[in-house]
Amino acid sequence: MRQRPGTQGLTVAPGARGRPNHLTKINAPPKTPRSMSPSRAEDARHGLQSILVNLDVDSGSSNLLRVAIDLAAGAVNRLMSNQSGAALSIGRTGMAGQFDGKVAIVTGGASGIGAAVARQLAREGCRVVIADRDSAGLEIMAAEIGRNAVPYEINVADALEVEAMIGFAERECGGLNLAVNNAGISGPAAPTADYPLDGWQQVMDINLNSVFYCMKYEIPAMLRAGGGAIVNMASILGSVGFANSPAYVAAKHALVGLTQNAAIEYARHGIRVNAVGPGFIDTPLLSKNLDQSTLSIIAGLHPIGRLGRAEEVAALTCFLLSEPASFITGSYHLVDGGYVAQ
Ligand code: NAI
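Here it is as structure tokens:
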């Protein structure tokens with residue numbers, strides 16, 4: 001193992017093909033929470049009250065000051081409870097720590113939807129192998145999430161690399177319980193007759209074949225762990241067409257079928273497999289490829305009148321992975337602002 005320049009707390013180990021293919025976090029510092037903690041709010045209240053004690057004023061002024069300080073202390077408390085309430089509720093699908101002791105793999109976890117899923121799983125106690133080909137993005141995620149993140153650099157379109165990743169998760173994390181097969185690209189935009197052959201192949205490799213490779217190796221690992229749950233990231237375009245996206249639409253439709261097949265094969269072995277169908281979500285997949293006016297038009301295609309947020313997809317995904325979803329398998333769940341209902 002060698003230390004990579006500029007990757008504090010991270011080491012890079014050579015992969016199956018002699019090139020670096022995973023990052024193993026060793027001691028990234030825990031991230032400081034952004035919301036005010038209860039103890040900080042208490043400190044603020046005591047601070048305000050100590051002002052009163054230290055002020056040398058007559059009793060009439062003192063009473064007025066006491067009222068003012070009580071009001072201020074109340075405001076601090078309300079601010080604190082709002083802030084920590086928001087921090088606690090964002091993206092939560094159930095009780096805190098519902099994934100304690102579990103190990104998950106999230107492919108495409110360095111950006112967008114995958115990053116939101118990885119954050120939520122980690123927040124709820126899960127150890128998350130964040131699998132992505134973007135090493136810089138992995139480092140950022142590892143530093144942000146802290147000890148529950150296990151960054152792993154991989155090309156999911158390569159079956160051998162996927163097999164090695166599952167072996168890594170079992171060896172280094174003690175097993176595999178959950179998986180979100182999410183990595184994907186949008187591919188070229190062209191009508192079917194003009195669609196480039198290499199673009200077709202690339203979209204199929206990354207958006208469809210990779211999910212088959214992942215499930216092929218995840219399922220035996222989950223059987224060894226006594227069961228598990230998988231979510232495959234499809235799209236609304238897993239059930240309807242979209243002009244100039246033949247490869248993406250075909251891959252996502254096939255992904256729904258692949259999900260149903262695996263679900264019925266392993267339902268009695270304690271493994272649930274579902275697909276999620278997001279509408280258009282505000283992530284780099286869209287923002288890197290489309291200008292602002294196109295994004296506005298696309299937002300308007302949703303009855304809700306806006307693009308979705310990655311956290312909204314993560315909430316559904318984490319619910320499907322969780323115990324309360326124990327009777328849900330083989331199904332395809334939309335999170336699309338009403339897009340497909342039209
Ligand atoms: P994103 O571009 O923000 O993130 C995708 C991640 O996948 C990136 O970190 C990228 O490095 C990684 N990735 C791509 N190819 C890879 C490969 N061969 N090996 C390893 N990692 C690879 O995209 P976003 O929006 O978060 O998309 C995630 C999934 O959600 C994709 O499957 C996409 O098709 C699907 N989706 C996205 C929608 C959207 O509007 N953003 C709508 C519906 C579905």
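Residues 1 to 342 (my numbering) make up the sequence shown, in order.
In this text, a Cβ means the ideal position worked out from N, Cα and C, and glycines have one as well.
C-beta contact flag for residue i and residue j at 7 angstroms
i: residue 187; j: residue 203; result: yes
i: residue 317; j: residue 156; result: no
i: residue 232; j: residue 275; result: yes
i: residue 271; j: residue 228; result: yes
i: residue 311; j: residue 335; result: no
i: residue 138; j: residue 164; result: no
i: residue 304; j: residue 337; result: yes
i: residue 136; j: residue 177; result: no
i: residue 103; j: residue 127; result: yes
i: residue 209; j: residue 108; result: no
i: residue 328; j: residue 273; result: no
i: residue 264; j: residue 308; result: no
i: residue 131; j: residue 105; result: yes
i: residue 170; j: residue 221; result: yes
Which of helix, strand or coil DSSP assigns to residue i
i: residue 132; result: strand
i: residue 267; result: helix
i: residue 195; result: coil
i: residue 125; result: coil
i: residue 209; result: helix
i: residue 114; result: helix
i: residue 185; result: coil
i: residue 228; result: strand
i: residue 238; result: helix
i: residue 283; result: coil
i: residue 154; result: coil
i: residue 178; result: strand
i: residue 97; result: coil
i: residue 137; result: helix
i: residue 167; result: helix
i: residue 257; result: helix
i: residue 149; result: strand
i: residue 340; result: helix
Residue-chain proximity (residue i, chain B), Cβ-Cβ < 7 angstroms
i: residue 239; result: No chain B appears in the structure shown, which is made up of a single protein chain.
Inter-residue Cα distance where the pair is residue i and residue j
i: residue 153; j: residue 162; result: 10 angstroms
i: residue 180; j: residue 218; result: 10 angstroms
i: residue 392; j: residue 120; result: The chain is shown only over 1 to 342; residue 392 falls outside these bounds and no answer can be derived.
i: residue 213; j: residue 159; result: 5 angstroms
i: residue 340; j: residue 321; result: 23 angstroms
i: residue 247; j: residue 200; result: 5 angstroms
i: residue 195; j: residue 97; result: 46 angstroms
i: residue 254; j: residue 143; result: 35 angstroms
i: residue 326; j: residue 205; result: 31 angstroms
i: residue 193; j: residue 249; result: 15 angstroms
i: residue 286; j: residue 333; result: 21 angstroms
i: residue 174; j: residue 294; result: 46 angstroms
i: residue 252; j: residue 288; result: 20 angstroms
i: residue 168; j: residue 198; result: 31 angstroms
i: residue 150; j: residue 223; result: 22 angstroms
i: residue 145; j: residue 283; result: 19 angstroms
i: residue 100; j: residue 147; result: 13 angstroms
i: residue 184; j: residue 234; result: 9 angstroms
i: residue 124; j: residue 236; result: 27 angstroms
i: residue 215; j: residue 262; result: 8 angstroms
i: residue 256; j: residue 292; result: 30 angstroms
i: residue 319; j: residue 290; result: 30 angstroms
i: residue 259; j: residue 140; result: 31 angstroms
i: residue 279; j: residue 342; result: 13 angstroms
i: residue 266; j: residue 306; result: 37 angstroms
i: residue 268; j: residue 129; result: 26 angstroms
i: residue 245; j: residue 112; result: 20 angstroms
Residue(s) in a DSSP beta bridge with residue i
i: residue 303; result: BP columns for residue 303 are empty, so no partner.
i: residue 333; result: 276
i: residue 105; result: 129, 179
i: residue 308; result: 281
Would you call the stretch 288-299 and the stretch 238-247 touching, i.e. three or more CB-CB distances under 8 angstroms?
-> no
Count the C-beta pairs between the stretch 116-135 and the stretch 188-203 that are closer than 8 angstroms, then say yes if the count reaches three, no if not.
-> no
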